[in-house]
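These notes concern the structure reproduced below.
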Amino acid sequence: MKKRSAPAVGNDFVEILDDRGEREVAPDPGAPTWRLLIVDDEPDVHSATVFALKDLIIAGRKLEFLHAYSAVEARRLMEMTPGIAVVLLDVVMEKGDAGLLLVRAIRDELGCVDTRIILRTGQPGYAPELEVIRDYDINDYKTKSELTRTRLVTSLTTAIRSYEQIHKALESERAMDRIVRSAPALLTQRNIGDFAEQALRLMAGLLGDDAADGVFCTRRLPLGEANGEAPLYIAAALGAYAPFKGQDVAAIADAGLLDALERCALPGGRLHENNGIALCVGAGDSRALLYLRVRNPLNDMVRRLADVLSVSIAAGLENVALFQKLDFSAYMDPLSGLPNRASFVSMIDDCLRRGEANRTVALIEVDHFSDINAALGHETGDQLLKAVAKRLRDGFPAEVALARVSGDKYGLLGEDGRVDPGQVLALFERSCVVDGQSLMIQPYIGLERLTEADGSGADVLKNATIALSRAKSERRQQWQYFTREMQTTAEERLELLHDLRHATEAKRGLSLVYQPQVEIASGKVSGAEALLRWKNDRGESIPPDRFIPVAEYSHLIIELGEWVLRSACEQLGEWDRAGLPGLRMSVNVSLVQFRDPDFVGMARRCILGYGIDPRRIELEITESMALSEAETVVDTMNQMKSFGVSIAVDDFGSGFSSLGHLQRLPLNRLKIDRVFVKDLTAGSSGATIADTIVKLGHMLGLAVIAEGVETGEQLDALRRMGCQEVQGFYFSPPVSAADFPALVGKRL
Ligand code: C2E
Ligand code: MG
Ligand code: MG
């Protein structure tokens, strides 16, 4: 232990007191200081040092003195106190090498690499070796007698300046490290709100103020057509701005902030203020404006680092935008900009989960949309879908959710009273003008009240679909609410399909009936339409209107249709052999059959197999079929036509045919839908349509037949119009093959 009696060093300090040069301007009382740790076992050295340095200002800051009287104490103090700029260290304390051991601990164990160390010793003989000075990064070594005040100040000033530089470099290294380490986390964010908050917090941390006020603003992503110039909104906010999260930026009445954002609004824009920054990160769709106001002034290094971090933020933002776009395509319909089926189902699910039972779901179908699409082209079809979306959106308040559920179906979800089918119908009393054409839309609506729902959103939508098809098939009114009774129908349909499959495989319970087609001019039977009948194993006759749609849906119609064509050809051969005049045989064909690649081959084999002249066979296709998927259907039609088979459009007039399209089809006959025949009184709309169809037929060089003719008046009206043939109960209902020959002798 050294003796505590002070050497003459004190005199040195005292001596220099008068020696003070120019003084720096005094800093604010609250301004940061330089921390100076005096380590010496002699109290006098402490007081003399403080006395000599107490008013000193270096680089704008005062000194703050910390005192330790032993190496152990010094170490403890250093452990507890961050930011010690300089240690004035006595080499010889408890032990001869106590000071040097402390140096080692400071560097190696405490890891304080920026703290500067000035060694002082009373005895020149204790000078550490050169390697020690080098290895432990010691700033200065002075014997106490050498340390006059001037020298001490000089030495301290140099040490503090180098501390400041090293400290900054270290800080920037740490900040860089933080930026580099935070980048992957920024890149994994999917949600803009979370991402924006994380980015803001990182930036605030980098600027050295975790309690900063800040906003992260962006336009709502992704930018759909509709919201190209969406207003800037606050995706995340910190500090004083936190309550504004989610709002438009204009909601913050802070002229300084708005001005800063405006000034750096373009890509690459940045604005550095004394204690804040505004940055524009990213470009294009994924661009954001970030503003932070901090309590401490920012230095150049921090600003440069902020630019580096903003590159990471831009990359992360681009990622988030990509995720948002993916989400958008998973939950939005790009054509109409409306939520799609998946989001509609989840909206219903949300209502069910929240127990909001007083809600109704409506499913709206644009009737004959596929016909319109085929007749007028996909572009017009798309325009129409958008127009319908707009009509619906404008027609209901914002609280009623609207979605495009599938091609031609829209969904509404809202309070019971608000989702009103009558209102939907009223919306479409006016035509939709699309591409300069005015199109009348006939909507069909299936509804379900959530009070009656059990199950999930998908089940509700399924029930609404069942109600919709009921509305379409009954056509009494254009809408239906789902009832349990319909549910059993759906289950029955499954059972029906099961039975029908058995019947088709075993060819059991199936038969054909034939309805004569009569030429008006001669009154003679010219042909027969084969109509399928089915009696199930329980002996119940199932009407074709019920089982044909099921057979089509399940594709069983391919097999069933083949059986029909085969049986009809076989029958025609039998009648020929029985001496009946050469009649024409009409057979109904579904779209599903027409799409089957083997259809043409199958038809040829059937017809030729029974030795029938193909010109005596006519295929009846529905109008919507003639118009949909034009390419494949027209191709099949052409192949059949060149084989010799003729083609009639069944139920004509109810669909949506354009003249141009009809002209392109290889048709032979139009068959007027019986709904128009029913209403053939003079001046009625049915009469006008029937008349138009006859004229259209003449114009296109096609024969015209009317179906469903039940009365003499109807027949007369058709005759006057110039319709060539009729079919209907007036002459005869469909009859069995055995009863048919008797009708051939009958006259109209
Ligand atoms: P469709 O081809 O339009 O057949 C005419 C329907 O009108 C037949 O009903 C027929 O019985 C009925 N009908 C005939 N005359 C009159 C009348 O004067 N008044 C009234 N109100 N109705 C009359 P059906 O047999 O019940 O067939 C219904 C539909 O089922 C057919 O309509 C056709 O689309 C389809 N269908 C029948 N057999 C087949 C088949 O073998 N294959 C395919 N794909 N569809 C078939
Ligand atoms: Mg028919
Ligand atoms: Mg028909």
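Numbering of the sequence shown is given in this note's numbering, commencing with residue 3 and proceeding in unit increments. Idealized CB from N, CA, C, for every residue including glycine. Just so it is clear, the structure is predicted and the values come from calculations on it, not from any experiment.
For this session: Taking Tyr293 as part of the beta strand (DSSP E), name the residues at either end of that continuous run.
Result: Per DSSP, the continuous beta strand (DSSP E) segment holding Tyr293 begins and ends at Ser288 to Arg295.
Exercise. What did DSSP end up calling Lys509 once you bin it into helix, strand or coil?
Worked result: coil
Problem set entry | Per-residue burial, His380 [other beta carbons within 10 Å of its own, 16 or more giving buried] | So His380 counts as exposed.
Problem set entry | Same chain, Cβ closer than 8 Å to Arg106, five either side skipped, listed in chain order | Tyr138
Exercise. Can at least three beta-carbon pairs, one atom from the segment 731–750 and one from the segment 576–584, be found at a separation below 8 Å?
Worked result: yes
Exercise. Which two residues bound the contiguous beta strand (DSSP E) that contains Arg361?
Worked result: Arg361 to Val368
Exercise. What's the C-alpha gap between Phe678 and Ala389?
Worked result: 30 Å
For this session: Kindly indicate which residue of Leu558, Arg666, Asp652 and Ile619 has the alpha-carbon position closest to the one of Asn640.
Result: Closest by alpha carbon: Arg666.
Exercise. What do you reckon, are the CB atoms on Ala239 and Phe246 nearer than 9 Å?
Worked result: yes
Exercise. Does the count of Cβ pairs from the segment 348–368 and the segment 399–418 closer than 8 Å reach three?
Worked result: yes
For this session: Verify the contact flag: Phe330, CB atom, against every heavy atom of ligand 1, threshold strictly below 8 Å.
Result: no
Exercise. Are the Cβ atoms of Met95 and Val310 separated by less than 9 Å?
Worked result: no
Exercise. Beta carbon of Ala547: closer than 8 Å to some heavy atom of ligand 1?
Worked result: It should be pointed out that residue 547 corresponds to Asp in this sequence rather than to Ala. Indeed, a heavy atom of ligand 1 lies less than 8 Å from the Cβ.
For this session: Please list, in chain order, all residues of the same chain as Pro736 whose beta carbon is under 7 Å from its beta carbon, the five residues on each side excluded.
Result: Val515, Tyr516, Gln517 and Leu533
For this session: Report yes if the CB atom of Lys146 is closer than 9 Å to the CB atom of Thr160, and no otherwise.
Result: no
Exercise. So, helix, strand or coil for Asn277, using DSSP?
Worked result: coil
Exercise. What three-state label does DSSP hand Gly724 in the structure shown?
Worked result: coil
For this session: Output the boundary residues of the alpha helix (DSSP H) element that contains Asn375.
Result: Phe371 to Leu378
Problem set entry | Exposure label - Ala10; buried when at least 16 CB within 10 Å | For Ala10, the predicted structure reports a pLDDT of 39, less than 50, and the residue's modelled location is therefore unreliable. The matter cannot be settled from this model.
Problem set entry | DSSP-derived helix/strand/coil call for His69 | Here His69 sits in strand by DSSP.
For this session: Express the C-alpha separation of Ile649 and Leu704 in angstroms, rounding to a whole number.
Result: 10 Å
Problem set entry | Close Cβ partners of Ala198 (< 8 Å) along its chain, the five nearest in sequence each way excluded | Cβ within range, chain order: Phe218, Thr220, Ala237, Ala238 and Ala290.
Exercise. When we look at the beta-carbon of Phe733 and count the other beta-carbons within 10 Å, is it buried (16 or more) or exposed?
Worked result: buried
For this session: Taking only the alpha-carbon atoms, compute the straight-line gap between Leu307 and Ser174 and give it to the nearest angstrom.
Result: 7 Å
Exercise. For His663 versus Ala377, is the C-beta spacing smaller than 9 Å?
Worked result: Closer than 9 Å, so yes.
For this session: Give me the Cα-Cα distance between Leu189 and Val313, rounded to the nearest whole angstrom.
Result: 12 Å
Exercise. Going by DSSP, what residues sit across from Leu441 in a beta bridge?
Worked result: Cys434
For this session: Give the straight-line distance between the Cα atoms of Pro616 and Gly724, rounded to the nearest whole angstrom.
Result: Cα to Cα, Pro616 sits roughly 27 Å from Gly724.
For this session: Give the straight-line distance between the Cα atoms of Ala61 and Ala33, rounded to the nearest whole angstrom.
Result: Computed Cα separation, rounded: 12 Å.
Exercise. Apart from the five residues on each side of it in sequence, which residues of its chain come closer than 6 Å, Cβ to Cβ, to Asp250?
Worked result: Pro233 and Tyr235
For this session: State buried or exposed for Gln385, treating a residue as buried only when at least 16 other CB atoms are found within 10 Å of its CB.
Result: buried
Exercise. Asp600 to Ile560, Cα distance in whole Å?
Worked result: When rounded, the distance between both Cα atoms is 10 Å.
Problem set entry | Asp437 versus Ile443: straight-line alpha-carbon distance, rounded | 15 Å
Exercise. Leaving out the 5 sequence neighbours to the left and right, which residues in its chain are closer than 6 Å to Phe763 when beta-carbon positions are compared?
Worked result: An answer regarding residue 763 cannot be provided, because it is not within the stretch 3 to 750 covered by the chain.
For this session: Return helix, strand or coil for Glu715, following the three-state DSSP convention.
Result: helix
Problem set entry | Sub-9 Å separation of Met587 and Gly529 beta-carbons | yes
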